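Undergrad:
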Amino acid sequence: MVELLPSILSADFSRLADEVAAAERGGGTAIHVDVMDGHFVPNLTLGPPVVKSLRKATKLPLDCHLMMANPNDFIAAFADAGADWVSVHYEACPHLHRTLELILSRGMRPGVVLNPATRVDLMVEILPMVHHVLIMSVNPGFGGQEFIPFSLGKIHRLVHMRRELGLQFKIEVDGGVAHDTVAAIVQAGAELLVAGNAVFGGGNPERDASALLAAARQAEDLDSASRMADEKSKIH
Ligand code: DX5
Ligand code: ZN
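Mapped onto our numbering, the consecutive letters of the sequence shown carry residue numbers 24 to 259.
Okay, here's the thing in structure tokens:
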């Protein structure tokens with residue numbers, strides 16, 4: 024079943040606990056936390072102290088998306104702050120295997136993130152180690168950007184690779200997930216949907232999270248119905 028991960032990047036930081044609680048009531052099942060360092064991406068956001076406060080505000084898993092140049096230096100700090108899932112960029116990790124080992128060694132669930140221009144095929148050796156693969160469907164750094172359509176093909180290829188390799192990792196999508204894009208994203212095979220602007224941008228995160236999730240679930244139901252019809256037509 025698809026899940027919604029509200030991204031606090033677009034939330035009102037002065038009321039963070041309330042914003043997170045509202046997004047949770049709207050159906051969010053993990054909180055997406057964007058960590059930006061001003062080097063790897065052209066923006067600055069937050070670090071372990073905010074994760075520590077968030078840990079007190081919610082019981083949901085904290086999905087920390089590290090957009091930073093040297094993530095290894097901060098893995099321990101995020102673990103101590105209470106992060107549950109930690110994903111690092113392929114493009115920022117010359118020793119990706121070592122970084123994923125480090126995340127695992129601190130008891131967190133590791134993910135690998137791919138920028139729009141990075142091919143999913145490059146992940147083949149590392150896939151057995153990851154809990155999730157995060158496909159960036161915008162160039163990372165800012166909320167409220169437009170979904171890049173070729174990301175759908177990447178999701179599709181990743182679904183195929185997962186099947187071929189017999190693996191279980193989750194496919195997460197981040198950037199431009201909104202009412203007009205969510206059906207195609209779900210139909211391509213993504214199951215973890217990150218949304219910032221579409222949840223927090225309209226001033227009513229509970230209502231907007233719930234509407235977006237409903238649209239995602241509807242697309243999922245339609246998709247499985249058409250798959251079943253396909254199977255049936257093959258049998259007859
Ligand atoms: C962008 C971040 C995203 C961001 C998505 O670099 O990684 O998590 O919050 O924002 P929307 O959903 O507004 O595109
Ligand atoms: Zn993110």
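All C-beta atoms in this analysis are idealised placements derived from N, C-alpha and C, irrespective of residue type, glycine included.
Owing to the predicted nature of the structure, the values given are computational and were not obtained by experimental measurement.
Does the separation of the CB atoms of Pro72 and Ala232 fall below 8 Å?
TA: Cβ distance not < 8 Å, so Pro72 and Ala232 don't count as in contact.
Undergrad: Going by C-alpha distance, which of Ala115, Gln191, Gly176 is nearest Ala92?
TA: Ranking Ala115, Gln191, Gly176 by Cα distance to Ala92 puts Ala115 first.
Undergrad: Which residues in the same chain have their Cβ closer than 6 Å to the Cβ of His62, if we skip the five residues on either side of it in sequence?
TA: These residues qualify, in order along the chain: Ala92.
Undergrad: How big is the Cα-Cα spacing for Ala252 and Asp244?
TA: If I take the Cα positions, the gap works out to 12 Å.
Undergrad: Using 8 Å as the Cβ pair cut-off and three pairs as the minimum, do the stretch 184-198 and the stretch 33-51 touch?
TA: No: the two stretches stay apart, fewer than three of their Cβ pairs being nearer than 8 Å.
Undergrad: Under 6 Å from any heavy atom of the ligand ZN, by CB: list those residues in chain order, please.
TA: For the ligand ZN, the selected residues are Ser30, His55, Asp57, His88, Asp197, Val217.
Undergrad: Can you tell me whether Ala237 sits near the ligand DX5, meaning its C-beta is under 7 Å from at least one heavy atom of the ligand?
TA: No - the ligand DX5 has no heavy atom lying nearer than 7 Å to the Cβ of Ala237.
Undergrad: Span of the alpha helix (DSSP H) holding Asp103?
TA: It spans 98-104 - the alpha helix (DSSP H) in which Asp103 sits, taken as one unbroken run.
Undergrad: Regarding Asn220 and the ligand DX5, is the C-beta to nearest heavy atom distance less than 7 Å?
TA: It does: the Cβ of Asn220 is within 7 Å (strictly closer) of some heavy atom of the ligand DX5.
Undergrad: For Leu67 and Met90, what's the separation of their Cα atoms in angstroms?
TA: So the alpha carbons of these two residues sit roughly 10 Å apart.
Undergrad: By how many angstroms is the C-alpha of Leu235 removed from the C-alpha of Gly49?
TA: Distance between the alpha carbons of Gly49 and Leu235 is about 9 Å.
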